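S.K.: Submitted below is the structure of interest, expressed as structure tokens.
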Amino acid sequence: MSKEPMVAWLHVSKSYRNKSALENFSLDLGPGIHCLLGSNGAGKSTALSILTEVRAASRGEVRVMGQAVVRGGRQTTLIGSVPQSLSFPPTLKVAEVLRFVAMHYPNPLELDSLDEHLQLSKILAKQCGSLSGGQRRRLGIAAALIGNAPVLILDEPLAGLDIDGRAAVRRIILEQQAAGRCVIMASHDYAEVEAAADTVTLIKDERRLANGSTESIRSTLDLSHLSFTAEKPPAGIETFGTLTNLGTGRFRLTTHQPDQAARLLLAEIRAPKLQITPSSLEDAVSELLAKEQV
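What the sequence shown shows, in full-length UniProt numbering, is residues 1 to 294, in sequence order.
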């Protein structure tokens, strides 16, 4: 018997005044880090808002830990969420906000347990209206974590954070993964997604376009980048792909035929300082989004 997914969208659609925002969307997620990718308006935020009850599905069903998502249902205690746009009552103190959120969960964490990564002790007594953008982001992440929920939703979690803050959030995400939680991220930071994600789901035109590991998504695009140094590119090199002049005698060839192109470069150029890199996740996503059909 197959194990129940931690989160499942089952043929979910959402329309506003006959305009589709999500169409027949299905996805099962278990423990791990899962990233939703797609252009603005593709349906990522709609899928997450239905999961968190901000919006109701027009058709279909969403389930969390086997329970149907219904307004005011118990599944609200199974989810911690960080929206991209954060807003807190300006006169409330940070500690008051976190204690209020914790009251809604059966097994919340202590404030002290969140301080190691998020350095909350420095801002607990501050009013929310006086927080910087980075401090508001830390508070939002703390509010999502304090409920100790099995499902964590992070919408652009690194937005507005400095270098130390970004590193702290990365550690938190990896700790949640190690603890067996289901972490769902929406992000435009492809480097972060490629480094952390167990699965990637690409959404286009309100529908699921592709789903799999970062490696499987990358493998849909059989491209390589060859960077080399030359006074001028050898004749015929552009027959292998797209050539870009990077300046200062450096060129990059994007090609489906890296071996053949490399042989030509090595034969025609002395010491070309050749570097070959595979296509990135961003390359593959851009290619998939550009296609009318997959």
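Beta carbons: idealized from backbone N, C-alpha and C, even for Gly. A quick note: this is a predicted structure, and the numbers were derived from the prediction, not measured.
Does the beta-carbon of E4 have 16 or more other beta-carbons within 10 angstroms, so that it is buried, or is it exposed?
M.R.: Taking the first residue of the sequence shown as 1, we reach residue 4 at position 4. Label assigned to E4: exposed.
S.K.: Less than 8 angstroms between the beta carbons of T201 and L27, yes or no?
M.R.: Within the sequence shown, the letter at position 201 stands for residue 201. Within the sequence shown, the letter at position 27 stands for residue 27. Yes.
S.K.: Pick helix, strand or coil for D112, following the three-state DSSP scheme.
M.R.: Residue 112 sits at position 112 when you count from the first residue of the sequence shown. D112 falls in the helix class under three-state DSSP.
S.K.: Measuring alpha carbon to alpha carbon, tell me which residue in L92, S132, I237 and L221 is nearest D162.
M.R.: On the sequence shown, position 162 is the one that residue 162 refers to. Comparing Cα positions, the closest option is S132.
S.K.: CB L264 to CB G236, shorter than 8 angstroms?
M.R.: Taking the first residue of the sequence shown as 1, we reach residue 264 at position 264. Taking the first residue of the sequence shown as 1, we reach residue 236 at position 236. Yes; because the gap between Cβ atoms is below 8 angstroms, this pair is in contact.
S.K.: Hey, how far is the Cα of T254 from the Cα of F228?
M.R.: For the purposes of this step, residue 254 is identified with residue 254 of the sequence shown, where counting begins at 1. For the purposes of this step, residue 228 is identified with residue 228 of the sequence shown, where counting begins at 1. T254 and F228: Cα-Cα distance of roughly 12 angstroms.
S.K.: Between S15 and the rest of its own chain, which residues show a CB-CB distance below 8 angstroms, the 5 nearest in sequence each way excluded?
M.R.: As a working mapping, residue 15 is identified with position 15 in the sequence shown. Cβ within range, chain order: A21 and S58.
S.K.: Using CA atoms only, rank isn't needed, just tell me which of R171, M6, K204 and T77 is closest to A195.
M.R.: As a first step, residue 195 must be located in the sequence shown, where it is residue number 195. It is R171 whose Cα lies nearest to the Cα of A195.
S.K.: If we count the other Cβ atoms within 10 Å of its Cβ and call it buried at 16 or more, is T91 buried or exposed?
M.R.: Start at 1 with the first residue of the sequence shown, and residue 91 comes out as number 91. By the neighbour-count rule (16 or more Cβ atoms within 10 Å), T91 is not buried but exposed.
S.K.: Between the Cα of K93 and those of I123, E110 and H117, spot the shortest distance and give me the residue it belongs to.
M.R.: The residue given as residue 93 occupies position 93 in the sequence shown. It is I123 whose Cα lies nearest to the Cα of K93.
S.K.: Any chance you could list the beta strand (DSSP E) runs of at least 3 consecutive residues sitting entirely within the segment 179-212, in chain order?
M.R.: As far as the segment 179-212 is concerned, its whole beta strand (DSSP E) runs of at least 3 residues are 182-186, 199-204 and 207-212.
S.K.: Taking 8 angstroms as the cut-off, does the segment 62-82 touch the segment 34-44 (at least 3 CB pairs, one atom from each stretch)?
M.R.: Because the criterion of three Cβ pairs below 8 angstroms is not met, the segment 34-44 and the segment 62-82 do not touch.
S.K.: What does a CB cutoff of less than 7 angstroms around F240 pick up in its chain, not counting 5 residues either side in sequence?
M.R.: Here residue 240 is taken as the residue at index 240 of the sequence shown, counted from 1. Same-chain partners within the cutoff: L253, T255, Q257, Q260 and A261.
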